[in-house]
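In this note's numbering, the protein residues as written are 342 to 551. All C-beta atoms in this analysis are idealised placements derived from N, C-alpha and C, irrespective of residue type, glycine included. Heads up, the thing below is written out as structure tokens.
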Amino acid sequence: MKNMEVEFKWKADCPRAFYKMHRALESLGSVGPAQRWKLRDVYLDTPQGDLGAKKIAFRLRCSNGKWEATFKTKTAVVNGKAVRREETLPLPAATSFAQALHLLHTKKRWKNLPLQQLSPLFEIRNHRITRSFVMPRFSAEVAFDNCRIIVGKQRVLFKEIEMELKRGRVFALEKAALFLTQKSGLLYSDRSKIKTAIALLQTQKNKCKK
Numbered sequence: 342m343k344n345m346e347v348e349f350k351w352k353a354d355c356p357r358a359f360y361k362m363h364r365a366l367e368s369l370g371s372v373g374p375a376q377r378w379k380l381r382d383v384y385l386d387t388p389q390g391d392l393g394a395k396k397i398a399f400r401l402r403c404s405n406g407k408w409e410a411t412f413k414t415k416t417a418v419v420n421g422k423a424v425r426r427e428e429t430l431p432l433p434a435a436t437s438f439a440q441a442l443h444l445l446h447t448k449k450r451w452k453n454l455p456l457q458q459l460s461p462l463f464e465i466r467n468h469r470i471t472r473s474f475v476m477p478r479f480s481a482e483v484a485f486d487n488c489r490i491i492v493g494k495q496r497v498l499f500k501e502i503e504m505e506l507k508r509g510r511v512f513a514l515e516k517a518a519l520f521l522t523q524k525s526g527l528l529y530s531d532r533s534k535i536k537t538a539i540a541l542l543q544t545q546k547n548k549c550k551k
């Protein structure tokens, strides 16, 4: 499914959650070594909330010093599974958030989305560990996210585990997700990092109105 992201999410707020999933993964067989990433995700929208109204999440990401813009359609997480459209625009000329945002403003539009008035909503700082694995009918990547969600002056710690399909059959990914759930004993997540941040943002807006 081109430009479609298919992933499963697990809660990681219980003791040794990351360890339990690492052990479950290793029992699958061919799992790659851990890779570490330092991510800074700044989520944007127009002052009028044009993207949010279309159920689109738009971010600028710095991944180990490299910037890119990505948008995803917002979907519900059902039994840990999320399926959404995802498009990414590399920004190799950017070396800072200000430069990356300026490049978007200069571009004006991308994929029929307005870019000129985009401004920050909230930020997620993430220390991520990824491990990839290959099975006969699919390949996937599992991400262990240890995040700090920043909304105004609020700071909220958030942990989760994601498994994203990279190639192959969705039903094979579903079978692997069920196996990992049973083996690790972890629960599927019903709330993403983004939805948590949006809920905090809405709470702040409601307080300001009072």
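8 Å contact criterion, which residue i and residue j should meet: CB distance rounded
i	j	result
residue 427	residue 413	5 Å
residue 537	residue 497	7 Å
Three-state secondary structure assigned by DSSP to residue i
i	result
residue 481	strand
residue 500	strand
residue 528	coil
residue 456	coil
residue 507	strand
residue 422	strand
Residue i beta carbon near the ligand ZN (any heavy atom closer than 6 Å)
i	result
residue 545	Absent from the structure shown: the ligand ZN. Ligands present: none.
Span of the alpha helix (DSSP H) around residue i
i	result
residue 432	Where residue 432 is concerned, there is no enclosing alpha helix (DSSP H), given that its DSSP letter is neither H nor E.
residue 514	511-525
Buried versus exposed call for residue i [16 or more other C-beta atoms within 10 Å across all chains shown]
i	result
residue 531	exposed
residue 354	exposed
residue 525	buried
residue 483	buried
residue 508	exposed
residue 405	exposed
residue 467	buried
residue 360	exposed
residue 479	buried
residue 533	buried
Residue span of the beta strand (DSSP E) that contains residue i, given as start and end
i	result
residue 533	It is not in any beta strand (DSSP E) - residue 533 carries neither H nor E in the DSSP assignment.
residue 467	460-476
**Message:** Going residue by residue through the region 343-420, where are the continuous alpha helix (DSSP H) segments of at least 4 residues, counting only ones entirely within it?
**Reply:** Taking only runs of at least 4 residues, the alpha helix (DSSP H) segments lying wholly in the region 343-420 are 358-367 and 391-394.
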